[in-house]
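Residues 4 to 113 in the numbering used here are what the sequence shown spells out, letter by letter.
All residues carry an ideal CB built from backbone N, CA and C; glycine is no exception.
Since the structure is predicted, the reported quantities are computational estimates derived from the model, not experimental observations.
Below is one structure; the comments refer to it alone.
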Amino acid sequence: MSQTMQLNNELIQQWLNKKMNLQEINLELITKNFDDDLKMSYLKEYKRLRYLKRSFAAGIYLGVGAIIGFLGCVFMVMNIMPHMFDFFLYSSTLIAAGLVFYGLYLLFEG
4 MSQTMQLNNE
14 LIQQWLNKKM
24 NLQEINLELI
34 TKNFDDDLKM
44 SYLKEYKRLR
54 YLKRSFAAGI
64 YLGVGAIIGF
74 LGCVFMVMNI
84 MPHMFDFFLY
94 SSTLIAAGLV
104 FYGLYLLFEG
């Protein structure tokens, strides 16, 4: 029968709020005399929550960039305001591409 380990989520949230790196967390777990299995569980959960938080932010940037790019394209093609053609063609595309690439950076660089 396997023993289930109960992790202290408040402790993990404190680490996330302080933006501690893995070495600092490992050092803190060693000073609190946690066994190796429990340390690995804490580190694994910390990595999972950090990646989840980062991928959520990446999704927001990707979504906003896609919406701005789509609206810029639609407004440019419809040519509703002829004096704003250059803005929709260049500025919205530049902003949208920047947001999308930053979202991709957050998503893939981890």
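On the three-state DSSP scale, how would you describe residue 83? coil
Residue 106: buried (16+ other C-beta within 10 angstroms of its C-beta) or exposed? Buried.
Can you give me the C-alpha to C-alpha distance between residue 26 and residue 11, rounded to a whole angstrom? 19 angstroms
Spatial neighbours of residue 32 within its chain, please: CB distance less than 7 angstroms, with the 5 preceding and 5 following residues excluded, ordered by chain position. 42 and 45
Near residue 92, which residues of its chain fall below 6 angstroms by C-beta distance, leaving aside the five closest residues on each side in sequence? 79
Please classify residue 108 as buried or exposed, where buried requires at least 16 other C-beta atoms within 10 Å of its C-beta. exposed
Mark residue 94 as exposed unless 16 or more other C-beta atoms lie within 10 angstroms of its C-beta, in which case mark it buried. exposed
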